[in-house]
Amino acid sequence: MTQRVLVTGANGFIGRALCSSLRASGYSITAAVRAQENGSSLVGGEHNMEVVPIGNIGADTDWTRALVGVSSVVHLAGRAHVLRETCPDPISLFRAVNRDGTLRLARMAAEAGVRRFVFVSSIGVNGSQTKDRPYTELDEPKPHDLYAISKYEAEQGLHEISALTGMQFVILRPPLVYGPDAPGNLRRLLNLVEKGLPLPFRAVDNRRSLLYLGNLVDAIALCLTHPSAANQTYLVSDGEDVSTPGLIRLLAMHLGKRAHLLQVPPGLLELAGKLVGKRAAVRRLLGSLAVDSGKIRRELGWRPPYALEEGLRETARWYLDKRGPVL
Numbered sequence: 155m156t157q158r159v160l161v162t163g164a165n166g167f168i169g170r171a172l173c174s175s176l177r178a179s180g181y182s183i184t185a186a187v188r189a190q191e192n193g194s195s196l197v198g199g200e201h202n203m204e205v206v207p208i209g210n211i212g213a214d215t216d217w218t219r220a221l222v223g224v225s226s227v228v229h230l231a232g233r234a235h236v237l238r239e240t241c242p243d244p245i246s247l248f249r250a251v252n253r254d255g256t257l258r259l260a261r262m263a264a265e266a267g268v269r270r271f272v273f274v275s276s277i278g279v280n281g282s283q284t285k286d287r288p289y290t291e292l293d294e295p296k297p298h299d300l301y302a303i304s305k306y307e308a309e310q311g312l313h314e315i316s317a318l319t320g321m322q323f324v325i326l327r328p329p330l331v332y333g334p335d336a337p338g339n340l341r342r343l344l345n346l347v348e349k350g351l352p353l354p355f356r357a358v359d360n361r362r363s364l365l366y367l368g369n370l371v372d373a374i375a376l377c378l379t380h381p382s383a384a385n386q387t388y389l390v391s392d393g394e395d396v397s398t399p400g401l402i403r404l405l406a407m408h409l410g411k412r413a414h415l416l417q418v419p420p421g422l423l424e425l426a427g428k429l430v431g432k433r434a435a436v437r438r439l440l441g442s443l444a445v446d447s448g449k450i451r452r453e454l455g456w457r458p459p460y461a462l463e464e465g466l467r468e469t470a471r472w473y474l475d476k477r478g479p480v481l
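Just so you know, the sequence shown maps onto residues 155 to 481 in our numbering.
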């Protein structure tokens with residue numbers, strides 16, 4: 155019998171890739187989207203997929219229709235980082251969506267007989283920077299911003315719901331996820347490198363873990379079925395850490411460009427970031443954030459199917475194709 159998986163945020167960056175991969179593996183998919191028009195690119199009878207609009211996610215969301223016939227849930231949807239926050243009480247919004255909305259879905263999933271609930275959380279639950287060693291699952295959580303706080307509170311709630319209902323959960327905490335059509339910081343870095351602009355990061359000596367989209371999708375699929383994944387938390391990454399100048403050089407190579415790196419003291423860059431209101435963004439480029447993904451490798455036998463350079467090459471290829479020919 156074909157298993158049906160509910161994927162929330164199915165029309166997002168990760169959701170589209172996950173739905174495509176699960177369909178290719180023989181799963182039936184219920185794709186939860188905010189509104190019907192958001193799922194237009196997902197519809198197709200040959201794809202064995204049903205698109206269900208569920209409206210805004212919160213403590214009162216009705217997931218009844220989306221949970222019909224579902225044996226597993228992958229919860230991707232949530233309120234992400236907001237660059238220009240306008241809400242006077244942003245923590246309430248993060249909690250309403252990322253905590254209360256997640257736990258509402260988990261409770262209804264348990265009542266509907268769902269066997270396993272995979273929750274994609276964030277490495278931000280561990281913290282914002284590493285120093286002497288990578289983060290592991292044994293480290294005390296130190297969520298560093300409102301987004302990470304709401305994710306951690308959702309994780310705690312999942313533990314409680316599982317203990318009460320017997321529904322299994324799996325929590326994944328990825329670092330920066332990159333790949334074709336990736337939003338956010340990596341796309342901005344691709345723009346700068348492709349334009350050939352000089353970047354002041356030659357003196358930066360840091361280590362950052364990344365996660366290619368294809369590797370995350372593969373890890374999620376494994377966590378849906380592996381018996382040993384039940385009620386576990388995993389940090390997951392490509393397993394090949396890279397410095398900021400190293401990343402720029404790799405991107406430049408795959409874009410067919412030359413990396414222009416200037417020698418500027420990191421302390422001066424951090425001061426400049428503070429003065430222009432970009433301190434957090436600059437610290438991400440200067441600091442280290444490394445994760446140890448050894449637990450998922452040992453317990454589940456997981457190996458990322460794509461190396462870091464392969465993932466960056468595919469990302470750069472997508473970027474060049476999207477940009478089109480330069481006239």
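By construction, the Cβ of each residue, glycine as well, lies at the ideal position given by its N, Cα and C atoms. Since the model is a prediction, treat every value here as computed from it, not as a measurement.
Neighbour-count burial assignment, G455, 16 or more Cβ in a 10 Å radius: By one-based count along the sequence shown, residue 455 stands at place 301. Result: exposed.
Secondary structure of Q386, DSSP reduced to three states: Within the sequence shown, numbered from 1, the residue matching residue 386 stands at position 232. Reduced to three states, the DSSP call for Q386 is strand.
Consult DSSP for R158 and reduce its assignment to one of helix, strand or coil. Working through the sequence shown from its first residue, we reach residue 158 at position 4. Three-state DSSP puts R158 in a strand.
Pull up the DSSP beta-bridge partners for V274, would you. Counting from 1 along the sequence shown, the entry for residue 274 is found at position 120. Looking at the DSSP assignment, V274 forms a beta bridge with L326.
How do the stretch 382-394 and the stretch 402-419 stand: do at least 3 beta-carbon pairs fall below 8 Å, yes or no? no
Here's a check: name, in chain order, each residue in its chain whose Cβ is nearer than 8 Å to the Cβ of F248, leaving out the five neighbours to either side. Translated into the one-based positions of the sequence shown, residue 248 becomes position 94. Cβ within range, chain order: R233, L300, Y301, I303 and S304.
Please determine if the stretch 341-350 and the stretch 285-297 are in contact, where contact requires at least 3 C-beta pairs separated by less than 8 Å. no
Evaluate E314 with the Cβ neighbour count: other Cβ atoms within 10 Å of its Cβ, from every protein chain shown; 16 or more gives buried, anything less gives exposed. Translated into positions along the sequence shown, residue 314 becomes position 160. Looking at its Cβ environment, which holds fewer than 16 other Cβ atoms inside 10 Å, E314 is exposed.
Within the same chain, show all residues whose beta-carbon is closer than 8 Å to that of T215, passing over the 5 residues directly before and after it, in chain order. The residue you call residue 215 lines up with position 61 of the sequence shown. Answer for T215: I208, G209, G255, R258 and L259, listed in chain order.
Would you mind sorting D372 into buried or exposed? The rule is 16 or more other CB atoms within 10 Å of its CB. Taking the sequence shown and counting its residues from 1, one reaches residue 372 at position 218. Burial call: buried.
Distance, Cα to Cα, A250 vs P244? In the sequence shown, residue 250 corresponds to position 96, counting from 1. In the sequence shown, residue 244 corresponds to position 90, counting from 1. Those two C-alpha atoms are separated by around 10 Å.
Residues near R457 in its chain [Cβ-Cβ closer than 7 Å; skip 5 each side]: As a first step, residue 457 is located in the sequence shown; it is residue number 303 there, counting from the start. Counting only Cβ-Cβ distances below 7 Å, and skipping sequence neighbours, we find R451.
Candidates R467, T184 and N252: closest to G212 by CA position: As a working mapping, residue 212 is identified with position 58 in the sequence shown. Nearest Cα to G212 within the set R467, T184 and N252: N252.
Excluding the 5 residues preceding and the 5 following D485 in the sequence, name in chain order all residues of the same chain whose CB lies nearer than 8 Å to its CB. Here the chain has residues from 155 to 481 only, and residue 485 is not among them.
Buried versus exposed call for L353 [16 or more other C-beta atoms within 10 Å across all chains shown]: Counting from one through the sequence shown, the residue named residue 353 turns up at place 199. When all chains shown are included, L353 counts as buried.
Can you list, in chain order, the stretches of the beta strand (DSSP E) that have 3 or more residues and sit fully within the stretch 208-249? The qualifying runs are 226-229.
Coil, strand or helix - T256 by DSSP: Translated into positions along the sequence shown, residue 256 becomes position 102. If DSSP states are grouped into helix, strand and coil, T256 belongs with the helices.
Residue range of the beta strand (DSSP E) that includes A178: Here residue 178 is taken as the residue at index 24 of the sequence shown, counted from 1. Where A178 is concerned, there is no enclosing beta strand (DSSP E), although the alpha helix (DSSP H) it sits in stretches over F167 to A178.
Taking the alpha carbon of Q322 as the point to measure from, which residue in T387, L422 and V222 has its own alpha carbon closest? Taking the first residue of the sequence shown as 1, we reach residue 322 at position 168. Considering only alpha carbons, the answer is T387.
Does the distance from the CB of R269 to the CB of S316 come in under 8 Å? One-based indexing of the sequence shown puts residue 269 at position 115. One-based indexing of the sequence shown puts residue 316 at position 162. No, they are not a contact pair.
Would you kindly work out how many angstroms separate the C-alpha atoms of G281 and P329, rounded to a whole number? Within the sequence shown, residue 281 is the residue found at index 127, counting from 1. Within the sequence shown, residue 329 is the residue found at index 175, counting from 1. Near 11 Å, if we compare the C-alpha coordinates of P329 and G281.
Could you pull out every unbroken beta strand (DSSP E) segment of at least 3 residues lying fully inside the stretch 271-323, listed in chain order? Runs found: none.
Close beta carbons around Y473, own chain, < 6 Å, minus the five adjacent residues each side: Within the sequence shown, numbered from 1, the residue matching residue 473 stands at position 319. Closer than 6 Å at the Cβ level, and outside the excluded window around Y473, lie L344.
Endpoints, the beta strand (DSSP E) within which L370 is located: By 1-based counting over the sequence shown, the position of residue 370 is 216. Looking at the DSSP string, L370 is not in any beta strand (DSSP E); the run it does join, the alpha helix (DSSP H), is L367 to T379.
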